[in-house]
Amino acid sequence: MDVTVNNFEETLPQVLDAISVSDFIAIDGEFTGLRNGADVTVYDTPAQYYAKLRDGSLDFLLIQVGICTFKYDESTKKYTYNAFNFYVFPRPVNRVGVDTNFLCQASSINFLCNNGFDFNKLFKEGIPYLTTADEGALQEELTAKYEYLNNSDSLTKISIPEHLVSVIEDACNKIEKFLLPENQEKELCFERLNGFQRKLIFQTAYEKFSTNNFSLTTKWVDNSPILVARKGKSKSEQEKENYEKDLNDLRKAVGFSKVIKHISNSKKLVVGHNMMLDICHIVNRFCWPLPESYWEFKEMVHELFPRVIDTKYMCSAYPFRDLIPSTDMNSMMRKLKEPPFKFAEADAEMAEYSYSMNNNKSHEAGYDAHITGLAFITLTSYLGKNSKKITLITPELLKPYENRLFIMKIMDYSYVNLKGNEPNAVRDHVFHITFPKEWKTNDIMQLFSPYGNVHVSYCNQFSAWVTLLDQQKSELVVSNLIESNTKDSIALRKPYRLITWSKFHEEKSTLKNDLRSLVVAASESSRRPSYTHKSNASSSEDISAADAQPPVHDKSCGEGKTNESHTKSSSQTSGDVNCPRKRKKKNLNDNMETSNFDDAGVAPKLPKRPELSSEIPSKNMSHNQNHKRKKETSSTYSTDSMFDKLKGDEDNLHKTFEEPSWE
Numbered sequence: 001m002d003v004t005v006n007n008f009e010e011t012l013p014q015v016l017d018a019i020s021v022s023d024f025i026a027i028d029g030e031f032t033g034l035r036n037g038a039d040v041t042v043y044d045t046p047a048q049y050y051a052k053l054r055d056g057s058l059d060f061l062l063i064q065v066g067i068c069t070f071k072y073d074e075s076t077k078k079y080t081y082n083a084f085n086f087y088v089f090p091r092p093v094n095r096v097g098v099d100t101n102f103l104c105q106a107s108s109i110n111f112l113c114n115n116g117f118d119f120n121k122l123f124k125e126g127i128p129y130l131t132t133a134d135e136g137a138l139q140e141e142l143t144a145k146y147e148y149l150n151n152s153d154s155l156t157k158i159s160i161p162e163h164l165v166s167v168i169e170d171a172c173n174k175i176e177k178f179l180l181p182e183n184q185e186k187e188l189c190f191e192r193l194n195g196f197q198r199k200l201i202f203q204t205a206y207e208k209f210s211t212n213n214f215s216l217t218t219k220w221v222d223n224s225p226i227l228v229a230r231k232g233k234s235k236s237e238q239e240k241e242n243y244e245k246d247l248n249d250l251r252k253a254v255g256f257s258k259v260i261k262h263i264s265n266s267k268k269l270v271v272g273h274n275m276m277l278d279i280c281h282i283v284n285r286f287c288w289p290l291p292e293s294y295w296e297f298k299e300m301v302h303e304l305f306p307r308v309i310d311t312k313y314m315c316s317a318y319p320f321r322d323l324i325p326s327t328d329m330n331s332m333m334r335k336l337k338e339p340p341f342k343f344a345e346a347d348a349e350m351a352e353y354s355y356s357m358n359n360n361k362s363h364e365a366g367y368d369a370h371i372t373g374l375a376f377i378t379l380t381s382y383l384g385k386n387s388k389k390i391t392l393i394t395p396e397l398l399k400p401y402e403n404r405l406f407i408m409k410i411m412d413y414s415y416v417n418l419k420g421n422e423p424n425a426v427r428d429h430v431f432h433i434t435f436p437k438e439w440k441t442n443d444i445m446q447l448f449s450p451y452g453n454v455h456v457s458y459c460n461q462f463s464a465w466v467t468l469l470d471q472q473k474s475e476l477v478v479s480n481l482i483e484s485n486t487k488d489s490i491a492l493r494k495p496y497r498l499i500t501w502s503k504f505h506e507e508k509s510t511l512k513n514d515l516r517s518l519v520v521a522a523s524e525s526s527r528r529p530s531y532t533h534k535s536n537a538s539s540s541e542d543i544s545a546a547d548a549q550p551p552v553h554d555k556s557c558g559e560g561k562t563n564e565s566h567t568k569s570s571s572q573t574s575g576d577v578n579c580p581r582k583r584k585k586k587n588l589n590d591n592m593e594t595s596n597f598d599d600a601g602v603a604p605k606l607p608k609r610p611e612l613s614s615e616i617p618s619k620n621m622s623h624n625q626n627h628k629r630k631k632e633t634s635s636t637y638s639t640d641s642m643f644d645k646l647k648g649d650e651d652n653l654h655k656t657f658e659e660p661s662w663e
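If you read the sequence shown in UniProt numbering, its first letter stands for residue 1, the second for the next number, and so on.
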């Protein structure tokens, strides 16, 4: 069943109830794109995999979420299910919400179009959502706004410019006639007024007329603000009504996030297929901004969803890896319909929340969640085929697969372990080679031919990773190709530079630390005050304690990786700047006509969702607050920013070991 903003509120109770009584929940997502950044390489670590996913994927939108709840029926010995297909889009509700920028990838959009995705339904009827952090920040802003309005009587009065005196007097005359007892009208509307004019009318009318039975407010008609005078409500009553309306709009803006929060609070088993990207988007869009730290990410996901199973990982692990040669969704489904498996069946609890296996709707999130759940039941039934009673309340069967998210392309890591460390990969048989640009793959293969077959993965035109398939030959390579080539005189050396995996990352770490030290030194120099009346001798007192701190290393990232900041530039403004408690005092008489005030003189700007930063966010800090913190520090000298410019990307680190001089 498609769930949009038009039927979300009426469907929500059924969705929440289905989650509460379920045995497990299958999920799936569709996106506007998959990756925009550095590609994953076969020699990345899980931490590097996460960093590339976080930096290169989260600017795309999650636009469709499929949720299918499954419950075991003891009377029929079968499962029942409810499938929901949610269209989600982060649009503000009556200007309450976060104004989001996002990326689209042409190939992904084309793929969705070819599979029947309804983009008109998405943009016109998508369900809004907010992160927990943004919800809290907007709640604080609303509270601050109405505290400001309640104290508005004590604010400095704004002088009326001479050319607006007639406009304000005319409005007050109309209000005076409107308030006469014989006037039966309940509302008086003023159109074509700008924010400053509305503010002046507020100020003058409330000063001139009693507020016990009269109030002013602003309502929006065809996306235009209209000033409205009303009888029967006092100013304080109207402000309270406006506050409650804004709170209700905020609750509507939370939207689909309520579903994810309920799943999290239920602590139910969550199942997906190749779900690493789904989990990252779900957490980042509906819960909290993803942290930079890989270890904090795992802790956050495990806290939100303590039991997670990825069917793609299940199929790649014992005993299924010998039975299911290909783990993509279509291949897996074909194999699960053949012996030795018995494909699971489940009955829909309600016809409107169902899918038919005879009507293929692949790449519709609700359908994919449905077949993922059926695949999971099939796999679990195979594991417990010798048991008389098979239900999913069998932790001992599922324990080897729980909390392990499948990751692709990495040679010797197959999953992210949300509850602990991944097994250490042994890479003593992996070497980094730098060679002349004339060399081809055959030249590398020829060099390593005495040591058996190798796998070559290029970094750039000058360097590559070489993996020995026969790991026992590693010591021979070190002695014959590395040590012997470095002992010879320069004239006798062969035109390549070969180092071990560990040596490469040792040199990379040293290079990073040297660059960071250089930037820290430059930072100290630029911040040190200059005194023309003093001698050129520098004083240690000129350097602050903060400047004297050594560079911080993030041990969690492994391989000596420094904890760097890759802050993206953004011209977006945080919603916090509109908070009346934080607005700087200024002369309201200056340039007020060009200001866009709302019904009470508060400039209403939608807070924009900031571009993602690699800075580790606090759980108590919203996207907007993180962005504000970046803006506040952007005017100072940024060591990390300067370091990023010197450091460059991962390719530049490989280029450090480019073609040496053979002279």
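Heads up, the beta-carbon is just placed ideally off N, CA and C, and yes, glycines get one too.
Original post:
Would you say C104 faces chain C, with C-beta separation under 8 Å as the test?
Top reply: No chain C is part of this structure, which consists of one protein chain only.
Subject >> Buried or exposed (CB count within 10 angstroms, at least 16 for buried), D310 >> reply: To locate residue 310, count along the sequence shown from 1; it is residue 310. With 16 or more Cβ atoms within 10 Å of its Cβ, D310 is classed as buried.
Subject >> L336 beta carbon less than 8 Å from that of T380 >> reply: Along the sequence shown, read from residue 1 onward, the residue named residue 380 stands at position 380. Along the sequence shown, read from residue 1 onward, the residue named residue 336 stands at position 336. Contact flag unset, no.
Subject >> Rounded distance between the beta-carbons of D2 and Y87, thought under 8 Å >> reply: Against the sequence shown, residue 87 aligns to sequence position 87. Against the sequence shown, residue 2 aligns to sequence position 2. Rounded, the Cβ-Cβ distance is 7 Å, consistent with contact.
**OP:** Below 6 Å CB to CB, which residues in the same chain sit around L142 once its five sequence neighbours on both sides are set aside?
**Re:** Locating residue 142 in the sequence shown gives position 142, counting from the first residue. Taken in chain order, the residues that qualify are D246.
Original post:
Using 8 Å as the threshold, is the stretch 106-114 in touch with the stretch 79-86, meaning 3 or more CB pairs across them?
Top reply: no
Subject >> Member of Q203, S414, H262, E507 whose CA lies at the smallest distance from the CA of P423 >> reply: If you number the sequence shown from 1, residue 423 lands on position 423. If we check each option's Cα against that of P423, S414 comes out closest.
Subject >> C315, enclosing alpha helix (DSSP H) - first and last residue >> reply: Against the sequence shown, residue 315 aligns to sequence position 315. Note, C315: alpha helix (DSSP H), 311-316.
Original post:
DSSP on S523, reduced to helix/strand/coil?
Top reply: As a working note, residue 523 is residue 523 in the sequence shown. If DSSP states are grouped into helix, strand and coil, S523 belongs with the helices.
Original post:
Would you call W465 buried or exposed, if buried means 16 or more other Cβ atoms sit within 10 Å of its Cβ?
Top reply: If you number the sequence shown from 1, residue 465 lands on position 465. Buried, by the Cβ-count rule.
Original post:
Can you tell which of H455, M333, R198, T11 has the C-alpha that lies nearest to the C-alpha of I168?
Top reply: Within the sequence shown, numbered from 1, the residue matching residue 168 stands at position 168. With distances taken between Cα atoms, I168 lies closest to R198.
**OP:** Quick one: give me the first and last residue of the alpha helix (DSSP H) that C172 is part of.
**Re:** In the sequence shown, counting from the first residue as 1, residue 172 sits at position 172. Run containing C172: 165-178, per the alpha helix (DSSP H) assignment.
Original post:
So, using beta-carbon positions, are P436 and A317 closer together than 8 Å?
Top reply: Position 436 of the sequence shown, counted from the first residue, corresponds to residue 436. Position 317 of the sequence shown, counted from the first residue, corresponds to residue 317. A317 is positioned such that its CB atom lies no closer than 8 Å to that of P436.
Original post:
Cα separation between S356 and H363?
Top reply: The residue given as residue 356 occupies position 356 in the sequence shown. The residue given as residue 363 occupies position 363 in the sequence shown. Going from the Cα of S356 to the Cα of H363 covers about 14 Å.
Subject >> P607 in three-state terms, based on DSSP >> reply: Here residue 607 refers to the residue found at position 607 of the sequence shown. Here P607 scores only 43 on pLDDT, less than 50, and its place in the model is too uncertain to base an answer on.
Subject >> V430 burial status per 10 Å Cβ neighbour count (16 or more: buried) >> reply: Here residue 430 is taken as the residue at index 430 of the sequence shown, counted from 1. It counts as buried.
Subject >> Own chain partners of D249 with C-beta closer than 7 Å, once the 5 adjacent residues on each side are dropped >> reply: In the sequence shown, the residue the question calls residue 249 occupies position 249. The residues are V93, N94, V96.
Original post:
Which one or two residues does DSSP pair with W220 in a beta bridge?
Top reply: As a first step, residue 220 must be located in the sequence shown, where it is residue number 220. DSSP output for W220 lists P225 as bridge partner(s).
Subject >> L518 classed as buried or exposed, judged by whether at least 16 other C-beta atoms fall within 10 angstroms >> reply: Against the sequence shown, residue 518 aligns to sequence position 518. Result: exposed.
Original post:
Looking only at DSSP bridge pairs, what is G272 linked to?
Top reply: For the purposes of this step, residue 272 is taken as the residue at position 272 of the sequence shown. BP columns for G272 point to D310.
Original post:
Which whole-angstrom value describes the C-beta separation of K219 and I226, a residue pair presumed to lie in contact below a C-beta threshold of 8 Å?
Top reply: Against the sequence shown, residue 219 aligns to sequence position 219. Against the sequence shown, residue 226 aligns to sequence position 226. The Cβ separation is near 6 Å, so the contact holds.
Original post:
Applying the criterion that 16 or more other CB atoms from any shown protein chain within 10 Å of the CB defines a buried residue, is Q549 buried or exposed?
Top reply: Position 549 of the sequence shown, counted from the start, is the residue given in the question as residue 549. Interpretation of Q549 is limited by its pLDDT of 38, a score under 50 that renders its predicted location unreliable; the figure taken from the coordinates is listed afterwards. The residue is exposed, with fewer than 16 neighbouring Cβ atoms inside 10 Å.
Subject >> Host beta strand (DSSP E) of V65 (start-end) >> reply: Looking up residue 65 in the sequence shown gives position 65. Counting along the chain, the beta strand (DSSP E) containing V65 begins and ends at 62-73.
Original post:
E207 bridges to which residues according to DSSP?
Top reply: Indexing the sequence shown from 1 puts residue 207 at position 207. None; E207 has no bridge partner.
Original post:
Can the beta-carbon of K78 be found closer than 8 Å to that of A346?
Top reply: Reading the sequence shown from its first residue, position 78 is the one you call residue 78. Reading the sequence shown from its first residue, position 346 is the one you call residue 346. Taking 8 Å as the Cβ cut-off, K78 and A346 qualify as a contacting pair.
Original post:
Where do the ends of the beta strand (DSSP E) carrying S457 lie?
Top reply: As a working note, residue 457 is residue 457 in the sequence shown. Segment 454-460, the beta strand (DSSP E) holding S457.
Subject >> Every unbroken alpha helix (DSSP H) within the stretch 432-509, with a cutoff of 4 residues, ordered by chain >> reply: 441-448, 474-477, 484-487
Original post:
Are there 16 or more other CB atoms within 10 angstroms of the CB of K494, so buried, or fewer, so exposed?
Top reply: On the sequence shown, position 494 is the one that residue 494 refers to. K494 is exposed by the Cβ-count criterion.
**OP:** Sort out for me which residues DSSP pairs residue 728 with in a bridge.
**Re:** Shown here, the chain extends from 1 to 663; a query on residue 728 therefore has no answer.
**OP:** Tell me whether K231 sits in a helix, a strand or coil according to DSSP, three-state version.
**Re:** What you label residue 231 is simply residue 231 of the sequence shown in a count that begins at 1. It is a strand residue.
Original post:
Whole-angstrom Cβ separation of K186 and R230, contact assumed at under 8 Å?
Top reply: Within the sequence shown, the letter at position 186 stands for residue 186. Within the sequence shown, the letter at position 230 stands for residue 230. Between R230 and K186 the Cβ distance is about 7 Å, and since that is below 8 Å, they are a contact.
Subject >> Inter-residue CB distance, C280 and L58 (contact presumed, cutoff 8 Å) >> reply: Taking the first residue of the sequence shown as position 1, residue 280 is located at position 280. Taking the first residue of the sequence shown as position 1, residue 58 is located at position 58. Rounded, the Cβ-Cβ distance is 7 Å, consistent with contact.
Original post:
So, helix, strand or coil for S565, using DSSP?
Top reply: The residue given as residue 565 occupies position 565 in the sequence shown. Note on S565: pLDDT 39, under 50, position unreliable in the model; the coordinate value appears next. Secondary structure of S565 (DSSP, three-state): coil.
Original post:
In this structure, does DSSP put S614 in helix, strand or coil?
Top reply: As a working mapping, residue 614 is identified with position 614 in the sequence shown. Confidence at S614 is low in this model, with a pLDDT of 35, below 50, so the placement of that residue is unreliable and no value is reported for it.
Original post:
Is the Cβ-Cβ distance between E402 and V308 less than 8 Å?
Top reply: Within the sequence shown, numbered from 1, the residue matching residue 402 stands at position 402. Within the sequence shown, numbered from 1, the residue matching residue 308 stands at position 308. Yes; because the gap between Cβ atoms is below 8 Å, this pair is in contact.
**OP:** Name the one or two DSSP bridge partners that residue 666 has.
**Re:** Beyond the ends of the chain as shown, which are 1 and 663, falls residue 666; an answer cannot be given.
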